[in-house]
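I have placed the structure first, in the form of structure tokens, so that the comments after it can refer back to it.
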Amino acid sequence: MDDILVLDNGGGFVKAGIVGTHDDPIVVPNCLARPRGSKKWIIADQLEKCDEIQGISLRRPFDRGYLVHCDAEKEVWDRVFKALVKIRPPETALFLVEPPFTLSAIRKNTDELVFEEFGFQSLFVSHAAPLVHLYEANRRPKSRLALGNCSLVVDCGFSFTHAVPIVQGFPVYHGIKRINLGGKALTNYLKELVSYRAWNVMDETYIMEDVKHSLCFCSKNVLGDLDVARWKKGRENYIRCQYVLPDGVKNKRGFVKDPAAAAAYFSKQGGEQQGEEKEEAQAPMDVDAAELTLTNERFMVPEMLFQPADLGMAEAGLSECIVRAINSCHPDLHPLLYSNIILTGGCVQFPFFKEKLESELRPLVPDEYNLNIQLTDSPIKAPWYGGALLASSPEFQGCSVTKKQYEEEGSHRCRWRFLQ
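Read left to right, the sequence shown gives residues 1 to 420 (the UniProt record's numbering).
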């Protein structure tokens, strides 16, 4: 059997690995980057090794959630295929994960990239939501989700957020709802807040993404935490913390000045901070280094997922989006969907995200329905794990489109096989 490469091509990160060879996918940024003062672009994993991150320019293949810069994506894929997973595309079948409702012109460009530029042997396309459902059902075979084969997958990704009902393992397309908010928009909002109150960081996207990942969280009591952030002084203000900016000489990367102060809120709430602690957080503080002081920005940025109107967006929040997605399905499915809500995507890794969503959603759900929200154990990699499970099944080969079929029938006719 030929190698099968599962490629979750997200707007923020590429997750890639060969089925049966890699237990975990390789996760690298899906972008090109050019350090300030340099004419050379660095690609994907090279960005994580770059020391000159101040003012670094980023070029992403994705814009607003869809692949629009195929030339940039070609360079990223070429780096991933040759240097990281080390495959020969003509001897490999590709399992590609892409967003729902991708425009036909973008699908055609993707197929050209897969078959004509790289020459893959065959192609299979799926969305993230059914793969996450498959992964969770396989991980918990005796759960209500696995026995009922029905769930609602909430995917809070880099570009936007989807609420996708899954029935009998397949997405209910007329029930899919979307919010045009994701990790990228939250980073941009954080840049605006910090630039208005402190330093001008509008060109420091890469640094501010690390600030967001390191310090932001979801507040269980927004008004109470606003009072603490605004009026409390000293140790009584358990929200205030500092982030040391890189200077390009001593501090190549930014880090949290006092990890204990940053974690004070989690101790106060009786919880633990999610995510891995960065080693840079333990570095000694340079008294001459520039630093950012964050207070209510830490929780007001993730709050935008629940209150998009505060950004001037005429859209429903995440809780209303979930309710509308479930109400689009048959009433007999509502109890099962409310009891099997799965969270995936990078944004759900904010501490207390699950608790925040549950408190916002419970008043909107009928009292007779049980509300059960589960955070998948690997929000970033779960679609890849589900894709690896599906690619290992005997039926997979018969569902793929071969290069010969693509050349004879074209992209449009081949895509009908994927029920998109």
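We treat Cβ as the ideally placed atom computed from N, Cα and C, and that holds for glycine. Everything numeric in this text was worked out from a predicted model, so none of it was measured.
What span of residues does the beta strand (DSSP E) with arginine 178 cover, start to end? On the sequence shown, residue 178 is found 178 positions in, with the first residue counted as 1. Unbroken beta strand (DSSP E) run through arginine 178: 177–179.
Bridge partners - threonine 92, DSSP secondary structure assignment: Walking along the sequence shown from the start, residue 92 turns up at place 92. Paired residue(s): Asp3.
Just checking my contact of phenylalanine 95 with leucine 5 at CB under 8 Å: how many whole Å lie between their CB atoms? Against the sequence shown, residue 95 aligns to sequence position 95. Against the sequence shown, residue 5 aligns to sequence position 5. With a Cβ gap of about 7 Å, phenylalanine 95 and leucine 5 count as contacting.
Can you grab the Cα-Cα spacing for the pair glycine 312 / proline 331, in whole Å? The residue given as residue 312 occupies position 312 in the sequence shown. The residue given as residue 331 occupies position 331 in the sequence shown. Taking the straight line joining both Cα atoms gives about 33 Å.
Report yes or no: do three or more beta-carbon pairs, one from the segment 222–236 and one from the segment 62–76, lie closer than 8 Å? no
Contact between the segment 341–350 and the segment 369–383: three or more CB pairs below 8 Å? yes
Taking C-beta to C-beta, are serine 400 and serine 122 nearer than 8 Å? Here residue 400 is taken as the residue at index 400 of the sequence shown, counted from 1. Here residue 122 is taken as the residue at index 122 of the sequence shown, counted from 1. Cβ distance < 8 Å, so serine 400 and serine 122 count as in contact.
Option nearest leucine 181 by Cα separation, candidates Ser328, Tyr238 and Ala309: The residue you call residue 181 lines up with position 181 of the sequence shown. It is Ala309.
Every unbroken alpha helix (DSSP H) within the segment 14–99, with a cutoff of 4 residues, ordered by chain: 70–79
Touching by the beta-carbon criterion (3+ pairs, under 8 Å), the segment 79–91 and the segment 157–168: no
Keeping to the same chain, check which residues put their C-beta closer than 7 Å to that of alanine 391; ignore five residues upstream and five downstream. As a first step, residue 391 is located in the sequence shown; it is residue number 391 there, counting from the start. For alanine 391, where only same-chain residues beyond five positions count, the Cβ hits under 7 Å are Ile4, Val6, Val19 and Phe95.
Bounding residues of the alpha helix (DSSP H) (the contiguous stretch that carries leucine 215): Residue 215 sits at position 215 when you count from the first residue of the sequence shown. Counting along the chain, the alpha helix (DSSP H) containing leucine 215 begins and ends at 205–215.
CA nearest to the CA of glycine 12, picked from Asp24, Asn30, Arg417 and Val132: What you label residue 12 is simply residue 12 of the sequence shown in a count that begins at 1. Among Asp24, Asn30, Arg417 and Val132, the Cα nearest to that of glycine 12 belongs to Asn30.
DSSP puts serine 126 in a beta bridge; with which residues? What you label residue 126 is simply residue 126 of the sequence shown in a count that begins at 1. Paired residues: Val97.
With respect to the alpha helix (DSSP H) encompassing aspartate 111, which residues constitute its N-terminal and C-terminal limits? The sequence position of residue 111 within the sequence shown is 111, counting from 1. Unbroken alpha helix (DSSP H) run through aspartate 111: 104–111.
Mind checking whether leucine 131 and glycine 387 have CB atoms under 8 Å apart? The residue given as residue 131 occupies position 131 in the sequence shown. The residue given as residue 387 occupies position 387 in the sequence shown. Cβ atoms of leucine 131 and glycine 387: closer than 8 Å.
Give me the DSSP bridge partner(s) of alanine 163. In the sequence shown, the residue the question calls residue 163 occupies position 163. Paired residues: Val154 and Lys177.
Measure the Cβ-Cβ separation of alanine 198 and leucine 292 and say whether it is below 8 Å. Counting from 1 along the sequence shown, the entry for residue 198 is found at position 198. Counting from 1 along the sequence shown, the entry for residue 292 is found at position 292. Their beta carbons are under 8 Å apart, which means alanine 198 touches leucine 292 by this criterion.
In terms of residue numbering, what span does the beta strand (DSSP E) encompassing cysteine 241 cover? Working through the sequence shown from its first residue, we reach residue 241 at position 241. Note, cysteine 241: beta strand (DSSP E), 241–244.
Could you tell me the boundaries of the alpha helix (DSSP H) in which isoleucine 326 lies? Position 326 of the sequence shown, counted from the first residue, corresponds to residue 326. Residues 318–327.
Does glycine 10 pass the burial test, meaning 16 or more other C-beta atoms within 10 Å, or should it be called exposed? Against the sequence shown, residue 10 aligns to sequence position 10. It is buried - the Cβ of glycine 10 has at least 16 other Cβ atoms within 10 Å.
With a 10 Å radius around its C-beta and 16 neighbouring C-beta atoms as the bar for buried, classify arginine 362 as buried or exposed. Within the sequence shown, the letter at position 362 stands for residue 362. Arginine 362 is exposed by the Cβ-count criterion.
Beta-carbon contacts of lysine 40 that lie in its chain and below 6 Å, excluding the five residues immediately before and after: Residue 40 sits at position 40 when you count from the first residue of the sequence shown. Counting only Cβ-Cβ distances below 6 Å, and skipping sequence neighbours, we find nothing.
Give, in chain order, every unbroken run of the beta strand (DSSP E) that is at least 3 residues long and sits entirely within the segment 321–369. 341–344
Applying the criterion that 16 or more other CB atoms from any shown protein chain within 10 Å of the CB defines a buried residue, is proline 366 buried or exposed? As a position in the sequence shown, residue 366 is number 366, starting the count at 1. Burial call: exposed.
From the DSSP output, in three-state form, read off glutamate 291 for me. Here residue 291 corresponds to residue number 291 of the sequence shown, with the count starting at 1. Of the three classes helix, strand and coil, the one that applies to glutamate 291 here is strand, per DSSP.
Can you give me the C-alpha to C-alpha distance between proline 302 and asparagine 188, rounded to a whole angstrom? Taking the sequence shown and counting its residues from 1, the one referred to as residue 302 is at position 302. Taking the sequence shown and counting its residues from 1, the one referred to as residue 188 is at position 188. Proline 302 and asparagine 188: Cα-Cα distance of roughly 12 Å.
Could you have a look at serine 400 and say whether DSSP puts it in helix, strand or coil? By 1-based counting over the sequence shown, the position of residue 400 is 400. It is coil, neither helix nor strand.
Cβ of isoleucine 207 within 8 Å of Cβ of isoleucine 42? Residue mapping note: residue 207 aligns to position 207 of the sequence shown, counting from 1. Residue mapping note: residue 42 aligns to position 42 of the sequence shown, counting from 1. Taking C-beta atoms as the reference points, isoleucine 207 and isoleucine 42 fail to come closer than 8 Å.
Consult DSSP for phenylalanine 299 and reduce its assignment to one of helix, strand or coil. As a working note, residue 299 is residue 299 in the sequence shown. Helix at phenylalanine 299.
By how many angstroms is the C-alpha of tyrosine 243 removed from the C-alpha of leucine 333? The sequence position of residue 333 within the sequence shown is 333, counting from 1. The sequence position of residue 243 within the sequence shown is 243, counting from 1. If you draw a straight line from the Cα of leucine 333 to the Cα of tyrosine 243, it comes to about 47 Å.
Is the number of C-beta pairs between the segment 93–112 and the segment 405–416 that are closer than 8 Å three or more? Judged by Cβ distances under 8 Å, the segment 93–112 makes contact with the segment 405–416, as three or more pairs qualify.
Specify the secondary structure class of leucine 371 as computed by DSSP and reduced to three states. The residue you call residue 371 lines up with position 371 of the sequence shown. Three-state DSSP puts leucine 371 in coil, outside helix and strand.
Considering only C-alpha positions, which residue in the set Phe396, Leu336, Ser319 and Ser393 is nearest to leucine 364? Your numbering for residue 364 matches position 364 in the sequence shown. Measuring from the Cα of leucine 364, the nearest candidate turns out to be Ser319.
Quick one: what does DSSP say valine 256 is sitting in, helix, strand or coil? As a first step, residue 256 is located in the sequence shown; it is residue number 256 there, counting from the start. If DSSP states are grouped into helix, strand and coil, valine 256 belongs with the strands.
Rounded to whole angstroms, what is the Cα-Cα separation between aspartate 23 and aspartate 8? Along the sequence shown, read from residue 1 onward, the residue named residue 23 stands at position 23. Along the sequence shown, read from residue 1 onward, the residue named residue 8 stands at position 8. Computed Cα separation, rounded: 15 Å.
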